[in-house]
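So the structure is just underneath, and the comments pick up after that.
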Amino acid sequence: MMYKNPEWSYSAILYEMNIRQFTTEGTFRAASERLPFLRSIGVDAIWLMPIYPIGEEDRKGSLGSYYSIRDYKGVNPEFGSEADLRDFITKAHALGIKILFDWVANHTARDARWISERPVDWYERDSEGRAKVPWDWSDTAKLNYANREVWRGQIDAMRYWVEQFGIDGFRCDMAMLVPIEFWQEASAELHSIKSDIFMLAEAEEDNLFEGAFNMSYQWNIHHIMCDIAKGARRVWDLRNAMHAERQRYPREAMRLSFTSNHDENSWSGSEQSRFGRALEVMTAMTFLMPSTMPLIYTGQEVGYDHSFAFFDRDPIPEELYKEGYATELYRRLADLKHSQRALDSGQRGGDVIEIENNAKDCMMTFVREVDGSRVVAIVNLSPYTIHADFRTGIYAGKYRDAISGERVILDEHVERDIAPWHYQILVK
Numbered sequence: 016m017m018y019k020n021p022e023w024s025y026s027a028i029l030y031e032m033n034i035r036q037f038t039t040e041g042t043f044r045a046a047s048e049r050l051p052f053l054r055s056i057g058v059d060a061i062w063l064m065p066i067y068p069i070g071e072e073d074r075k076g077s078l079g080s081y082y083s084i085r086d087y088k089g090v091n092p093e094f095g096s097e098a099d100l101r102d103f104i105t106k107a108h109a110l111g112i113k114i115l116f117d118w119v120a121n122h123t124a125r126d127a128r129w130i131s132e133r134p135v136d137w138y139e140r141d142s143e144g145r146a147k148v149p150w151d152w153s154d155t156a157k158l159n160y161a162n163r164e165v166w167r168g169q170i171d172a173m174r175y176w177v178e179q180f181g182i183d184g185f186r187c188d189m190a191m192l193v194p195i196e197f198w199q200e201a202s203a204e205l206h207s208i209k210s211d212i213f214m215l216a217e218a219e220e221d222n223l224f225e226g227a228f229n230m231s232y233q234w235n236i237h238h239i240m241c242d243i244a245k246g247a248r249r250v251w252d253l254r255n256a257m258h259a260e261r262q263r264y265p266r267e268a269m270r271l272s273f274t275s276n277h278d279e280n281s282w283s284g285s286e287q288s289r290f291g292r293a294l295e296v297m298t299a300m301t302f303l304m305p306s307t308m309p310l311i312y313t314g315q316e317v318g319y320d321h322s323f324a325f326f327d328r329d330p331i332p333e334e335l336y337k338e339g340y341a342t343e344l345y346r347r348l349a350d351l352k353h354s355q356r357a358l359d360s361g362q363r364g365g366d367v368i369e370i371e372n373n374a375k376d377c378m379m380t381f382v383r384e385v386d387g388s389r390v391v392a393i394v395n396l397s398p399y400t401i402h403a404d405f406r407t408g409i410y411a412g413k414y415r416d417a418i419s420g421e422r423v424i425l426d427e428h429v430e431r432d433i434a435p436w437h438y439q440i441l442v443k
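Using our numbering, read the sequence shown as starting at 16 and increasing by one per residue.
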């Protein structure tokens with residue numbers, strides 16, 4: 016059984032906020048001043064990277080990892096006070112922006128409150144009795160999910176933020192490392208408090224939508240898009256993956272689509288360095304693919320080309336946080352997503368109906384249509400100029416270009432050159 020997706024989520028754009036780097040001050044108070052700007056671009060929901068106090072034992076860098084959590088019910092003083100956080104959430108809600116908290120269920124900091132305040136069997140232990148370190152995350156301690164009291168402790172802490180702060184959901188870090196039965200129990204309790212709670216899993220497993228999550232990461236397709244941009248793969252790999260996903264997951268399932276996030280940005284480089292000339296067309300694809308909710312990561316909204324330091328202060332310079340080409344592109348794509356029912360996520364949006372073309376290894380030509388809303392996409396996902404040749408059939412007619420705003424006639428027979436990485440999005 017899947018929980019019904021919240022009404023706001025079907026046409027939503029999600030923004031991942033790295034509080035530490037978002038403003039010069041790196042605080043909730045400073046970030047709240049930029050909320051109207053984010054709303055003006057079209058942001059509907061903000062996923063806050065972890066806001067909790069960070070451990071000091073084996074801390075990485077000068078400020079430590081967001082994901083080494085010392086207290087699940089605390090607020091990191093680096094970002095401000097509890098009152099500042101409440102004010103941030105209140106201001107966001109007043110603008111119609113939902114707030115998701117980042118939840119790290121698999122592990123805590125090595126000096127977390129639970130290490131000293133809870134029984135030793137709340138953690139997995141090595142032969143010397145020390146809390147185990149998951150993977151190479153040396154600043155963390157692995158929780159023991161064989162102990163059902165850990166489940167209760169986690170759910171109690173999640174309930175705290177929903178009941179006391181009125182947040183709207185959770186982005187769940189490395190969700191596949193924790194038993195699905197835990198997420199099912201947590202989701203059931205959270206839904207009993209707030210019926211439209213939204214749950215996002217950083218994972219791709221098939222069972223995530225069985226009474227646990229609304230949306231999962233689209234890692235596979237993201238990596239295919241990166242490979243296409245580098246010339247390592249061709250368009251049929253993306254086409255096949257898109258069709259496979261529609262068969263693999265329930266119709267109601269949503270997928271998070273992105274060109275960047277905190278992991279990709281800090282460990283693989285900025286989206287400009289990873290996608291090069293293909294960045295704009297790949298950004299457009301995150302809004303066009305079926306079932307997807309597009310993600311904007313901190314700085315993308317102003318085209319900031321930088322790979323953030325993860326464990327230290329490395330804020331966007333104030334003079335570089337200003338509207339530009341990227342801002343207007345996101346604004347137009349967000350307007351497209353909001354206004355065209357065909358692009359809704361989950362089962363509400365239209366399926367991809369392909370228009371056969373003469374260069375299927377380089378191009379995608381497709382339609383998404385539902386309830387009178389029609390979007391036609393003509394997309395060159397290659398570094399070559401393509402002499403395109405295709406017939407539009409029943410989809411020929413008068414349209415508006417969603418990016419330029421110009422009126423366009425889509426002929427029944429299209430034969431023309433399409434520049435490298437060029438795209439056109441037409442709305443009826």
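Positions of the beta carbon are idealized from the N, C-alpha and C atoms, including for glycine.
Check: May I ask you to list the residues that DSSP assigns as paired with ALA403?; Outcome: ARG431
Check: Quick one: residues in its chain with C-beta nearer than 8 angstroms to the C-beta of ASP126, no 5 flanking neighbours on either side, listed in chain order?; Outcome: GLY70, GLU71, GLU72, ARG85
Check: Could you tell me which residues DSSP puts in a beta bridge with MET184?; Outcome: Position check: residue 184 holds Gly in this sequence, whereas Met was assumed. According to DSSP, which records beta bridges pairwise, GLY184 is partnered with LEU115, PHE213.
Check: Tell me the DSSP secondary structure of ALA156 in three-state form.; Outcome: strand
Check: Taking only runs that begin and end inside the region 48-128, name each unbroken alpha helix (DSSP H) of 4 or more residues, in chain order.; Outcome: 50-56, 97-109
Check: Identify whether GLY361 lies in helix, strand or coil by the three-state DSSP scheme.; Outcome: helix
Check: May I have the straight-line CA-CA distance separating ILE236 from LEU253, to the nearest angstrom?; Outcome: 7 angstroms
Check: How is the beta strand (DSSP E) around ASP416 delimited, first residue to last?; Outcome: 412-416
Check: Looking at the unbroken alpha helix (DSSP H) that takes in THR301, where does it start and where does it end?; Outcome: 294-303
Check: How would you call VAL390, buried or exposed, if buried means at least 16 neighbouring beta carbons within 10 angstroms?; Outcome: buried
Check: List the whole-angstrom C-beta distance separating ALA46 from PHE116, where the pair is believed to meet the contact cut-off of C-beta under 8 angstroms.; Outcome: That pair is no contact at about 14 angstroms.
Check: Can the beta-carbon of ASP188 be found closer than 9 angstroms to that of ALA268?; Outcome: no
Check: Leaving aside the five residues before and after GLN169 along the sequence, list all residues of the same chain whose C-beta is less than 6 angstroms from its C-beta, in chain order.; Outcome: ALA120
Check: Quick one: which unbroken alpha helix (DSSP H) runs of 4-plus residues sit fully inside the region 299-357? Chain order, please.; Outcome: 340-354
Check: Taking ALA392 as the reference, give the member of PRO305, TYR399, ALA341, ARG163 with the closest Cα.; Outcome: PRO305
Check: Once DSSP output is grouped into helix, strand and coil, what is the label at GLN439?; Outcome: strand
Check: For PHE185 and LEU215, which I take to be in contact (beta-carbon distance under 8 angstroms), what is that distance rounded to the nearest angstrom?; Outcome: 7 angstroms
Check: Does the beta-carbon distance from VAL429 to ASP404 come in below 9 angstroms?; Outcome: yes
Check: Tell me the residue span of the beta strand (DSSP E) that contains ARG389.; Outcome: 388-395
Check: Quick check: the Cα distance between GLU279 and MET378, rounded to an integer number of angstroms?; Outcome: 26 angstroms
Check: The beta strand (DSSP E) with SER231 in it runs from where to where?; Outcome: 230-232
Check: Label TYR340 either buried or exposed according to how many other C-beta atoms from any shown protein chain fall within 10 Å of its C-beta, with 16 as the threshold for buried.; Outcome: exposed
Check: Between the C-alpha atoms of SER131 and TRP118, what's the straight-line distance to the nearest angstrom?; Outcome: 21 angstroms
Check: So LEU205 and VAL177 are in contact, right, with Cβ under 8 angstroms, and what is the actual spacing, rounded?; Outcome: 6 angstroms
Check: Whole angstroms are fine: how far does the CA of ASN373 sit from the CA of THR400?; Outcome: 13 angstroms
Check: Alpha carbons only, please: which of MET32, GLU139, MET300, TRP198 is nearest the one belonging to MET257?; Outcome: MET300
Check: Mind checking which residues open and close the beta strand (DSSP E) that includes VAL423?; Outcome: 422-425
Check: Could you tell me the boundaries of the alpha helix (DSSP H) in which GLU384 lies?; Outcome: GLU384 -> not in any alpha helix (DSSP H); beta strand (DSSP E) instead, spanning 378-385.
Check: Per the DSSP calculation, ARG270 is bridged to which residue(s)?; Outcome: SER231, THR307
Check: Once DSSP output is grouped into helix, strand and coil, what is the label at GLU369?; Outcome: strand
Check: Just how far apart, CA to CA, sit PHE290 and LEU53?; Outcome: 24 angstroms
Check: So, helix, strand or coil for ARG140, using DSSP?; Outcome: strand
Check: Can you confirm whether the region 57-70 touches the region 135-148 when touching is taken to mean that 3 or more C-beta pairs between the two stretches lie within less than 8 angstroms?; Outcome: no
Check: How is ALA46 classed by DSSP in three states: helix, strand or coil?; Outcome: helix
Check: What residue range does the alpha helix (DSSP H) around GLU260 cover?; Outcome: 250-263
Check: Given that a residue counts as buried once 16 or more other Cβ atoms are within 10 Å of its Cβ, and exposed if not, what is LEU50?; Outcome: buried
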